[in-house]
Amino acid sequence: MKINLREARKSKGLSMTYMAHKLGYKSVSGYANIEYGTTKASLENAVKIANLLDMSLDELFFEEKLHVSSNKRLA
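Numbered by my numbering, the letters in the sequence shown go through residues 4 to 78 in order.
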């Protein structure tokens with residue numbers, strides 16, 4: 004389930020400025036563009052964002068789970 008990035012950030016009490024700084028952007032707009040959907044996060048930044056928000060990549064960036072593990076074998 005994809006969670007709104009802005010809502011996730013705000014629920015943790017983090018500012019766009021903080022996120023931009025932690026991701027290494029020189030201005031807030033670099034992060035803001037990801038949050039607004041103008042640009043997509045690189046895999047590296049997506050991982051950093053998920054870690055900062057203490058969430059999984061699936062929760063933040065994907066509509067459905069990427070992989071569901073199963074212990075069952077095909078017959």
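Just so you know, even glycine gets a beta-carbon here, dropped at the ideal spot from N, CA and C. All values derive from a computational prediction rather than experimental measurement.
If you follow the alpha helix (DSSP H) that PHE64 is part of, which residue opens it and which one closes it? Here the question's residue 64 lines up with position 61 in the sequence shown. Looking at the DSSP string, the run of the alpha helix (DSSP H) that includes PHE64 is 60-64.
Around the C-beta of PHE64, are 16 or more other C-beta atoms found within 10 angstroms, so that it is buried, or is it exposed? Along the sequence shown, read from residue 1 onward, the residue named residue 64 stands at position 61. The residue in question, PHE64, is buried, as its Cβ has 16 or more Cβ neighbours within 10 Å.
Is GLU38 buried or exposed, if buried means 16 or more other CB atoms sit within 10 Å of its CB? What you label residue 38 is simply residue 35 of the sequence shown in a count that begins at 1. GLU38 is buried by the Cβ-count criterion.
When DSSP labels each residue in this structure, what does GLY33 get in the three-state scheme? For the purposes of this step, residue 33 is identified with residue 30 of the sequence shown, where counting begins at 1. If DSSP states are grouped into helix, strand and coil, GLY33 belongs with the helices.
Only counting the same chain, and skipping five residues up and downstream in sequence, which positions put a Cβ closer than 8 Å to that of ALA44? As a first step, residue 44 is located in the sequence shown; it is residue number 41 there, counting from the start. ILE37, ILE52 and PHE64, listed in sequence order.
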